[in-house]
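Q: Have a look at this one before I ask anything.
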Amino acid sequence: MNLSKSSSQVGGRIVGLFFLVVGFFIFLTLFPYIDRQSIVITKSEKLKAMPLIVDTRKSEKSGIKAEKVLQPLSKPKTEPKSICDFSAYRTDICVMKGDIRIHGNSSLVLFAPNNPNEVAASDLNKTWVVKPYARKNDGTMATIRNVTLKSFARLEKAPRCTTNHSVAAVIFSDWGYCGNYWHDFNDVLVPLFITTRKFNGEVQFLVTQKRDWFFSKYQPIISGLSKYEVIDFDKEQQVHCYPKAILSLYQHKDFSIDPAKPPYGLSMVSFTKFIREKYSLEKDFAVQIGENSWRKPRLLIIGRKHTRVLTNIDKVISMAEELGFEVVVDDLNRGPYVQEAARVVNPCDVMMGVHGAGLTNIVFLPMNAVVIQIVPLGKLNQLFYDEFGVPSRDMNLKYLQYEILEEESTLIDLYPRDDPIFTDPMSIHKRGWLELSRVYLQQQNVKLDLVRFRPVLEKAMNFLRQ
């Protein structure tokens with residue numbers, strides 16, 4: 001009796017368990033076809049109208065594609081933008097998108113946005129005059145040709161387009177201080193990279209006061225930034241029409257790039273990588289000295305020939321070789337043949353020289369190389385640091401600055417030691433750049449104190465060991 005009852009209970013439990021298992025598998029089979037909209041519970045009708053970010057990743061275990069609502073994404077409001085920005089210290093710049101008509105011979109740009117609501121109302125039916133050269137607040141700006149920009153809600157009475165383009169246009173000048181190697185990079189080439197790299201070559205340059213030699217000398221850089229013919233802005237009689245245009249060039253700081261400034265994200269590391277690519281330079285990193293390193297680090301000394309000459313360069317070479325360097329001496333003055341200078345510089349691990357435009361060639365050095373700038377007398381330490389020290393570090397180079405003493409300057413052979421040139425350099429500064437340059441940059445050569453300078457070369461060697 002008890003045995004029969006016990007058997008009946010066990011049988012019932014087995015049957016129940018069977019139906020439970022079968023039901024579970026049926027649920028799993030039908031689950032992907034369930035209307036999953038019923039699973040998403042919205043809090044309000046307002047939330048329903050908002051776009052959702054949805055995670056549609058598959059489960060690794062079941063392979064079932066499941067949607068998960070992560071968060072509502074509200075539609076961002078687009079604020080009207082100003083066409084021109086005159087607030088920057090180094091340059092004035094105007095950015096346009098819409099109907100843009102350019103007549104270079106009359107230095108005129110006409111612009112109407114595709115949607116007038118995207119532009120600040122105060123910027124419509126307005127005129128700006130811009131000097132498209134990245135040297136704002138400098139006396140040379142008086143030599144830069146003005147370009148006039150006029151904005152309208154619609155271009156109803158504008159001249160008809162004679163040439164239509166589908167790419168962006170960038171208008172700038174290569175006048176000013178161009179012809180000085182450092183200014184070529186600082187005033188035009190680095191700003192041009194900042195302004196146009198984002199277009200990946202789909203941009204055309206319209207150049208006012210165009211110097212043909214400039215575009216020939218730097219052809220690898222120019223063609224690396226634009227796939228199109230450069231237009232001589234001043235001679236152009238046609239009306240060129242573009243969907244986008246930038247008037248003038250961005251500039252952040254001397255001979256360098258600030259990734260935190262518009263158009264954001266670029267750096268001097270990306271610039272020097274671009275330079276090495278366009279000049280087909282093979283060496284990306286300086287030599288690392290270690291137990292398994294057999295090659296001597298190569299030291300390049302810039303041998304200036306006219307001003308700020310290193311008068312005891314032979315003794316400096318001997319000391320450097322004694323410390324373990326392979327020494328190369330070159331003035332790097334190749335005129336229009338920049339490629340030749342680049343090929344001398346790139347294999348080197350250390351570059352040193354008295355302050356001057358020749359140090360601009362640091363753009364061709366491999367990363368982690370060492371730059372040694374020798375600063376002559378004249379209380380120019382900070383200025384010269386800004387021009388080459390900051391850029392060196394922004395390029396991922398090591399930087400050493402050696403500031404000479406009076407005994408290392410040949411000015412002691414020209415002036416008495418109680419002259420303001422030695423006792424009060426700032427009084428020379430107050431006389432203006434021409435006088436300052438004549439005394440400290442034109443008349444001065446350098447004779448290094450080898451005992452004092454030796455630790456600098458030793459530190460450069462130690463940098464390469466790290």
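So for the sequence shown, UniProt numbering puts the first residue at 1; every next one is plus one. No residue lacks a Cβ here, since even glycine has one placed at the ideal position from N, Cα and C.
#1: Identify, in the order they occur along the chain, each residue of the same chain with its Cβ nearer than 8 Å to the Cβ of glycine 265, setting aside the five sequence neighbours on each side.
#2: Do you know how far the Cα of alanine 120 is from the Cα of proline 80?
#3: Report all residues from its chain with a CB closer than 7 Å to the CB of glutamine 442; omit the five preceding and five following residues, and keep chain order.
#4: Tell whether a beta-carbon distance below 8 Å holds between valine 390 and leucine 365.
#5: Rounding to the nearest angstrom, what Cα-Cα distance links glutamate 45 and phenylalanine 152 in this structure?
#6: Using 10 angstroms around the beta-carbon of arginine 101, count the other beta-carbons present and answer buried if the total reaches 16, otherwise exposed.
#7: Under DSSP, the alpha helix (DSSP H) around aspartate 394 begins and ends at which residues?
#8: Beta strand (DSSP E) containing serine 151: first to last residue?
#9: Among Thr143, Asn186, Glu407 and Pro159, whose alpha-carbon lies nearest the alpha-carbon of threonine 360?
#10: Verify whether the separation of the beta carbon atoms of aspartate 284 and methionine 367 is less than 8 Å.
#11: Based on the DSSP secondary-structure assignment, which residues constitute the bridge partners of proline 113?
#12: Identify the residues that DSSP records as bridge partners of methionine 141: which are they?
#13: Specify, as a first and last residue, the run of the alpha helix (DSSP H) that aspartate 314 falls within.
#14: Helix, strand or coil for threonine 183, going by three-state DSSP, please let me know.
#15: Would you please state the rounded distance, in angstroms, between the beta carbons of cysteine 348 and valine 328? I believe it to be under 8 Å.
#16: If you draw a straight line from the alpha carbon of serine 107 to that of arginine 197, how long is it in whole angstroms?
#17: Tell me the residue span of the beta strand (DSSP E) that contains residue 476.
#18: Name the one or two DSSP bridge partners that aspartate 232 has.
#19: Helix, strand or coil for valine 370, going by three-state DSSP, please let me know.
#20: The ligand PLP and proline 243: does the residue's C-beta get closer than 7 Å to at least one heavy atom of that ligand?
#21: Quick check on aspartate 85: does DSSP put it in helix, strand or coil?
#22: Please classify lysine 430 as buried or exposed, where buried requires at least 16 other C-beta atoms within 10 Å of its C-beta.
#23: Which value, in whole angstroms, describes the spacing of the CA atoms of glutamine 251 and serine 409?
#24: By the 10 Å Cβ neighbour count, where 16 or more other Cβ atoms means buried, how is alanine 286 classified, buried or exposed?
A: Looking at the atomic coordinates:
#1: For the purposes of this step, residue 265 is identified with residue 265 of the sequence shown, where counting begins at 1. These residues qualify, in order along the chain: Pro259.
#2: To locate residue 80, count along the sequence shown from 1; it is residue 80. To locate residue 120, count along the sequence shown from 1; it is residue 120. One C-alpha to the other measures close to 5 Å.
#3: Position 442 of the sequence shown, counting from 1, holds the residue named residue 442. Excluding residues within five positions, the ones whose Cβ falls inside 7 Å are Thr307.
#4: One-based indexing of the sequence shown puts residue 390 at position 390. One-based indexing of the sequence shown puts residue 365 at position 365. Cβ atoms of valine 390 and leucine 365: not closer than 8 Å.
#5: The sequence position of residue 45 within the sequence shown is 45, counting from 1. The sequence position of residue 152 within the sequence shown is 152, counting from 1. The predicted position of glutamate 45 is uncertain, since its pLDDT is 41 and thus under 50; no value can be drawn from it.
#6: Taking the first residue of the sequence shown as 1, we reach residue 101 at position 101. Burial call: buried.
#7: Along the sequence shown, read from residue 1 onward, the residue named residue 394 stands at position 394. Where aspartate 394 is concerned, the enclosing alpha helix (DSSP H) stretches over 390 to 394.
#8: Residue numbering aside, residue 151 sits at position 151 when the sequence shown is read from its first letter. 147 to 151 is the extent of the beta strand (DSSP E) around serine 151.
#9: By 1-based counting over the sequence shown, the position of residue 360 is 360. Looking at the Cα atoms, Asn186 is the closest of the given residues.
#10: Taking the sequence shown and counting its residues from 1, the one referred to as residue 284 is at position 284. Taking the sequence shown and counting its residues from 1, the one referred to as residue 367 is at position 367. A contact, by the Cβ cut-off of 8 Å.
#11: The count along the sequence shown starts at 1 and reaches residue 113 at position 113. Its beta-bridge partners are Gly98.
#12: For the purposes of this step, residue 141 is taken as the residue at position 141 of the sequence shown. Its beta-bridge partners do not exist; DSSP assigns none.
#13: On the sequence shown, residue 314 is found 314 positions in, with the first residue counted as 1. Counting along the chain, the alpha helix (DSSP H) containing aspartate 314 begins and ends at 313 to 322.
#14: Taking the first residue of the sequence shown as 1, we reach residue 183 at position 183. Reading off the sequence, residue 183 comes out as histidine, not threonine. DSSP places histidine 183 in helix when its eight states are reduced to three.
#15: Indexing the sequence shown from 1 puts residue 348 at position 348. Indexing the sequence shown from 1 puts residue 328 at position 328. Contact flag correct, Cβ pair sits at about 7 Å.
#16: Mapped onto the sequence shown, residue 107 falls at position 107. Mapped onto the sequence shown, residue 197 falls at position 197. Going by the C-alpha atoms only, they are around 25 Å apart.
#17: Outside the shown range of the chain, which is 1 to 466, sits residue 476, and nothing can be said about it.
#18: As a first step, residue 232 is located in the sequence shown; it is residue number 232 there, counting from the start. Aspartate 232 is bridged to Val207.
#19: Against the sequence shown, residue 370 aligns to sequence position 370. It is a strand residue.
#20: No copy of the ligand PLP appears in this structure; indeed no ligand is present at all.
#21: Position 85 of the sequence shown holds residue 85. Looking at aspartate 85 - three-state DSSP - the assignment turns out to be strand.
#22: One-based indexing of the sequence shown puts residue 430 at position 430. When all chains shown are included, lysine 430 counts as exposed.
#23: Taking the sequence shown and counting its residues from 1, one reaches residue 251 at position 251. Taking the sequence shown and counting its residues from 1, one reaches residue 409 at position 409. Taking the straight line joining both Cα atoms gives about 35 Å.
#24: On the sequence shown, position 286 is the one that residue 286 refers to. With 16 or more other Cβ atoms within 10 Å, it is buried.
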